[in-house]
Structures are given as C-alpha cells and as structure tokens.
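*Asks:*
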Amino acid sequence: MNYYILKNERKRGVAKDYDKAMINNDYQADYEVDHLTKLIIWGFDFWVTRRFVKLYADRLYEPVSSRLVLAMQKRLPTKALIMDLGAHYGYYSLLLASRGPQPIMAVEPIGSNTQVLKKNIIANSFKPIQVVQAAVSDQTGEREMRVSVASDSSSFNPHPTGPTLKTEKVQTKTINTLAGNQQVGFIKIDVEGHELPTLQGGTEVIKRDHPAILFEYHPESQRLAGRGKGELLTWLQKLDYRLWAVSEDQAELVPLEVKTAHRQALAAFGHEGYGNILALMIPLPGLSLIRTTLIDQLSPYPMPGIAKATSRKLELDDTGIGLVTGRIPRVTDWDRWWLQKDRDFYREEFERVDKEVKMFKHKRIYMIGQGIKSQWLNRSKK
Numbered sequence: 000m001n002y003y004i005l006k007n008e009r010k011r012g013v014a015k016d017y018d019k020a021m022i023n024n025d026y027q028a029d030y031e032v033d034h035l036t037k038l039i040i041w042g043f044d045f046w047v048t049r050r051f052v053k054l055y056a057d058r059l060y061e062p063v064s065s066r067l068v069l070a071m072q073k074r075l076p077t078k079a080l081i082m083d084l085g086a087h088y089g090y091y092s093l094l095l096a097s098r099g100p101q102p103i104m105a106v107e108p109i110g111s112n113t114q115v116l117k118k119n120i121i122a123n124s125f126k127p128i129q130v131v132q133a134a135v136s137d138q139t140g141e142r143e144m145r146v147s148v149a150s151d152s153s154s155f156n157p158h159p160t161g162p163t164l165k166t167e168k169v170q171t172k173t174i175n176t177l178a179g180n181q182q183v184g185f186i187k188i189d190v191e192g193h194e195l196p197t198l199q200g201g202t203e204v205i206k207r208d209h210p211a212i213l214f215e216y217h218p219e220s221q222r223l224a225g226r227g228k229g230e231l232l233t234w235l236q237k238l239d240y241r242l243w244a245v246s247e248d249q250a251e252l253v254p255l256e257v258k259t260a261h262r263q264a265l266a267a268f269g270h271e272g273y274g275n276i277l278a279l280m281i282p283l284p285g286l287s288l289i290r291t292t293l294i295d296q297l298s299p300y301p302m303p304g305i306a307k308a309t310s311r312k313l314e315l316d317d318t319g320i321g322l323v324t325g326r327i328p329r330v331t332d333w334d335r336w337w338l339q340k341d342r343d344f345y346r347e348e349f350e351r352v353d354k355e356v357k358m359f360k361h362k363r364i365y366m367i368g369q370g371i372k373s374q375w376l377n378r379s380k381k
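In terms of numbering that gives the first Met the number 0, the sequence shown opens at residue 0 and continues consecutively.
1. Since Pro162 contacts Val148 with CB under 8 Å, what's their CB separation in whole angstroms?
2. Given 8 Å as the limit, is there contact between the segment 134 to 146 and the segment 104 to 114, that is, 3 or more CB pairs closer than that?
3. Given a threshold of 16 other Cβ atoms within 10 Å of its Cβ, counted over all protein chains shown, does Ile188 qualify as buried or as exposed?
4. Excluding five sequence neighbours on each side, which residues of the same chain lie with their C-beta closer than 6 Å to the C-beta of Met280?
5. Can you check DSSP and say which residues form a bridge with Asn275?
6. If we count Cβ pairs, one from each stretch, closer than 8 Å, do we get three or more for the segment 196 to 203 versus the segment 243 to 263?
7. Which residue's Cα is closest to the Cα of Thr36: Ser97, Leu59 and Val115?
8. Given a cut-off of 8 Å on the beta-carbon distance, is the pair Lys168 and Thr139 in contact?
9. Could you check where the beta strand (DSSP E) with Trp234 kicks off and where it finishes?
10. If you reduce the DSSP assignment to three classes, tell me which class Gly269 lands in.
11. Can you check whether the CB of Ile81 is closer than 8 Å to the CB of Phe214?
12. Please list, in chain order, all residues of the same chain as Gln132 whose beta carbon is under 6 Å from its beta carbon, the five residues on each side excluded.
13. Using 8 Å for Cβ pairs, my map puts Phe43 next to Tyr55. What's the rounded Cβ distance?
14. Measuring CA to CA, which of Thr77, Ile120 and Leu84 is closest to Pro100?
15. At which residues does the alpha helix (DSSP H) containing Thr202 begin and terminate?
16. Let's see if you can read the secondary structure: which residues bound the alpha helix (DSSP H) around Thr77?
17. With DSSP run on the structure shown, which of helix, strand or coil describes Phe125?
18. If you follow the beta strand (DSSP E) that Ser383 is in, where does it begin and where does it stop?
19. So which of Leu265, Lys206 and Glu251 has the shortest CA-CA distance to Lys228?
20. Between Ser310 and the rest of its own chain, which residues show a CB-CB distance below 7 Å, the 5 nearest in sequence each way excluded?
21. Grab me the residues of Ser136's own chain with a C-beta within less than 8 Å of its C-beta, minus the 5 sequence neighbours each way, in chain order.
22. At the level of alpha carbons, what is the spacing between Leu392 and Leu75?
23. Out of Val190, Gly225 and Arg98, point me to the one whose CA is closest to Ser150's CA.
24. What are the residues that DSSP puts in a beta bridge with Leu252?
25. List the residues that DSSP assigns as beta-bridge partners of Ala134.
Encoded structure:
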C-alpha cells in the first residue's frame with residue numbers, strides 16, 4: 000500500500016509531506032487491519048497493527064495514566080457510565096472493562112480503527128462495550144475529518160506530526176446526546192486538538208454529573224485548532240475543576256494553578272511537549288490529589304531508600320494517591336532494554352515487588368534514583 004499525503008499542509012507547525020519511502024516504512028501497516036498482532040497486556044488480549052506493538056508491549060503505554068484510571072474506577076458507582084472518546088483500538092475501554100462493572104461506551108470515528116476495536120472486544124469475555132462510530136464535537140451532524148497517515152492522529156484540524164492522508168465525512172455527536180439520562184462517572188478524551196468543542200458539547204452532563212475527566216493536552220494541536228494558550232484549561236477551571244498534569248516520565252501528578260496552568264503543564268510533560276491532564280470537580284471518596292504523590296517506578300539497582308521501600312508495606316496518606324508497582328526504569332531506547340540478557344531476572348523481581356508492596360499511612364520523604372522522583376515517607380504498619 001502506497002500512501003500519498005495531501006499537498007496543502009505546509010503552514011508553520013503542520014506536518015509536511017514526508018518522503019514516500021518513510022511513510023511506507025513507518026506507517027504502512029496502520030490501516031492494514033487484516034495483518035494484526037495479538038498482545039496480552041493487563042491480562043486481556045489486544046490486537047494492534049504493526050507500529051503499535053512496541054508501544055503497548057509490557058505495559059509501556061501511559062503507565063501512570065493507566066494506573067490512575069483504575070484507581071478512580073474503584074471509586075465510581077457501579078452503574079456510572081464510562082466514556083472513551085477517541086477510543087482508537089480500545090486500550091482504555093478494555094483496561095477498565097477488565098477491572099470493573101461499570102458500563103463503557105467507546106466512541107471512534109475512523110472505520111478501520113473501529114474494526115480493530117470491535118475485534119478486541121469480541122476477543123475478550125468482558126461485559127459488552129457499546130461501540131459508537133462517530134466523532135464527538137459540540138453539535139450533532141456530519142463533518143469532514145482529516146484522516147492522518149498515523150491511525151491515532153486523525154482530527155478535524157491539521158496535526159503537528161501526522162500528515163493528512165485523505166479527508167472523509169464522519170458523523171458527529173455530542174457528549175450530551177450520547178449520555179442522555181445516564182449518569183457519567185468518567186470521561187477519557189483523546190481527539191487531537193478538538194478537546195474543547197468535545198467538552199462544550201457535554202456541558203449539560205458535566206454540570207449535572209461532575210465526571211472525572213482525563214484528556215490529552217497537546218499545546219501545538221490546540222494552536223492549530225485556533226485555540227489560545229491555556230484556553231481549554233481555563234474553560235475547565237471556570238467550571239470549578241481542579242487540574243493535574245500527569246507526568247509519565249517522573250511518575251508524578253503536578254497540580255496546575257489557575258493563572259499558570261499552561262506553563263506548568265508544559266514543564267510537567269518535559270521533552271514530549273504534550274501529555275494527559277486529570278480534571279476533578281469533586282474529589283472522589285478516598286482519592287485526594289492535592290500534591291504530587293504518585294510512585295509508579297522502583298529501580299532494580301541498589302540505592303538509598305529503595306531496599307527499605309520494597310521490603311515494607313506502604314499506604315497513601317491524605318495528601319494524594321499512591322500506586323506502587325515494579326517496572327523497568329525508563330530508558331531512552333526501549334528496544335535496547337529488550338536485548339538485555341538479564342531482563343527476565345528484573346521482570347521476576349518487579350513482579351515480586353508488585354505483589355509484596357502494599358499501601359499504608361506514612362510521612363513524606365523524597366526518594367530519588369534513576370531520574371525517578373516522588374514525595375513519600377515510609378514507616379512500618381503497626
């Protein structure tokens with residue numbers, strides 16, 4: 000399959016025409032839904048096209064956000080609707096369906112992505128996930144969408160890194176119409192710069208149900224969509240939502256202030272330049288996120304404090320959420336880690352840590368190592 004990119008995307012910040020050979024090598028399989036690879040992640044089967052195998056392998060995809068949504072799910076009412084907007088192949092829908100009883104609605108506009116999404120749902124024995132093939136916006140109807148050469152980057156706006164392959168008409172729906180009278184407990188949004196209209200189309204639901212929201216914030220995508228700096232964040236804050244930037248690298252939740260949220264988010268995301276933001280209007284019972292308090296990584300290498308942490312039981316205090324799990328330290332080249340001959344030893348060690356480390360109340364310290372930083376204290380449970 001040869002991919003040719005639209006020729007009119009040469010404005011500043013918009014992905015330009017790629018060399019055709021590069022497109023064929025890197026993205027050729029993105030829409031080849033008859034050539035999928037099956038992964039087993041978080042205990043469920045997950046079919047993906049070739050480019051996503053490395054991204055999702057061994058729980059490497061958004062590890063902090065993944066654990067965060069699972070922690071929140073435990074505190075949602077059993078019948079509260081979970082909405083996965085921009086579901087792609089259904090990673091978050093399947094993750095949540097594998098762990099809790101809440102009804103889930105997965106919304107995805109691109110036909111080939113929806114085909115893989117449905118295959119993933121059928122491949123697992125979870126409760127039914129409602130699939131809606133549509134885009135989510137501020138009004139219902141029909142609209143031209145830019146189908147990106149990268150299957151996870153299609154949008155109504157130009158994309159900063161994913162050139163447009165073609166355009167196609169898609170149905171648009173709003174959060175209000177999709178949810179109807181159902182109570183909405185959690186919304187995950189990944190719509191490549193169209194987040195604000197998506198949320199504006201759910202104003203009624205948001206004011207009624209105060210759902211927790213996890214959304215991707217890509218400042219350059221926001222600019223290409225015609226949004227001002229921080230406009231999306233300000234809109235949510237005016238509805239009395241509190242915001243936290245999710246730092247996947249540092250395993251931290253960074254609270255965002257009203258006047259400096261945009262700059263703080265950029266600092267938290269680091270060199271990636273974009274990432275997820277958690278929005279909460281009312282703290283969920285047992286889930287307080289006042290300060291940066293998330294541990295997600297423990298290094299396998301000897302360093303002060305780590306040995307004690309792995310041999311003691313830890314629990315969250317009232318200033319934040321604590322999720323402790325074993326994981327290989329982040330490295331620049333993930334492929335290089337897979338070549339390490341002692342990888343099985345580390346994997347077994349982290350599985351042991353994952354089972355043994357529990358949560359309990361503690362004071363606060365800094366544990367720093369291998370670029371990992373979190374505010375924690377430990378003490379033995381009486």
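Think of the CB as a built atom: it goes at the ideal place given N, C-alpha and C, for glycine as much as any other residue.
*Replies:* Put simply:
1. Locating residue 162 in the sequence shown gives position 163, counting from the first residue. Locating residue 148 in the sequence shown gives position 149, counting from the first residue. Right, their Cβ atoms sit about 5 Å apart.
2. yes
3. Looking up residue 188 in the sequence shown gives position 189. Result: buried.
4. Position 281 of the sequence shown holds residue 280. Excluding sequence neighbours, Met280 sits near His209, Asp239 and Tyr240.
5. If you number the sequence shown from 1, residue 275 lands on position 276. In the DSSP assignment, the residues bridged to Asn275 are Glu215 and Val245.
6. For the pair of segments examined, the segment 196 to 203 was found not to touch the segment 243 to 263: the number of CB pairs separated by less than 8 Å stays below three.
7. Here residue 36 is taken as the residue at index 37 of the sequence shown, counted from 1. The option with the nearest alpha carbon to Thr36 is Val115.
8. Residue numbering aside, residue 168 sits at position 169 when the sequence shown is read from its first letter. Residue numbering aside, residue 139 sits at position 140 when the sequence shown is read from its first letter. It is not a contact, given that the beta carbons lie outside the stated cut-off.
9. Against the sequence shown, residue 234 aligns to sequence position 235. Careful: Trp234 lies outside any beta strand (DSSP E), inside the alpha helix (DSSP H) at Glu230 to Lys237.
10. For this step, residue 269 is matched to residue 270 along the sequence shown. Correct three-state label for Gly269: helix.
11. Mapped onto the sequence shown, residue 214 falls at position 215. Mapped onto the sequence shown, residue 81 falls at position 82. No, Cβ-Cβ distance for Phe214 and Ile81 is not below 8 Å.
12. On the sequence shown, residue 132 is found 133 positions in, with the first residue counted as 1. So the list reads Thr113, once near-sequence residues are dropped.
13. As a position in the sequence shown, residue 43 is number 44, starting the count at 1. As a position in the sequence shown, residue 55 is number 56, starting the count at 1. Going by Cβ atoms, the distance from Phe43 to Tyr55 rounds to 11 Å, so no, they are not a contact pair.
14. To locate residue 100, count along the sequence shown from 1; it is residue 101. Minimum Cα distance to Pro100 is reached at Thr77.
15. In the sequence shown, the residue the question calls residue 202 occupies position 203. Note, Thr202: alpha helix (DSSP H), Thr202 to Asp208.
16. In the sequence shown, residue 77 corresponds to position 78, counting from 1. Premise fails: Thr77 is in no alpha helix (DSSP H) and is neither H nor E.
17. Walking along the sequence shown from the start, residue 125 turns up at place 126. In the structure shown, Phe125 sits in coil (DSSP, three-state: anything other than H, G, I, E or B).
18. The structure shown has nothing for residue 383, since the chain only spans 0 to 381.
19. Along the sequence shown, one-based indexing puts residue 228 at 229. Of Leu265, Lys206 and Glu251, the residue nearest in Cα terms is Leu265.
20. For the purposes of this step, residue 310 is identified with residue 311 of the sequence shown, where counting begins at 1. Low per-residue confidence applies at Ser310: pLDDT is 33, beneath 50, and the placement is therefore not dependable enough to give any value.
21. Stepping through the sequence shown from its first residue, residue 136 is reached at position 137. Here the set comprises Arg142, Phe155, Thr171, Lys172, Thr173, His193, Pro196, Thr197 and Gly200.
22. What is shown of the chain runs 0 to 381, which leaves residue 392 out entirely.
23. Here residue 150 refers to the residue found at position 151 when the sequence shown is read from its first residue. The shortest C-alpha to C-alpha distance from Ser150 to any of Val190, Gly225 and Arg98 is the one to Val190.
24. Counting from 1 along the sequence shown, the entry for residue 252 is found at position 253. According to DSSP, Leu252 bridges with Val245.
25. For the purposes of this step, residue 134 is taken as the residue at position 135 of the sequence shown. Thr171.
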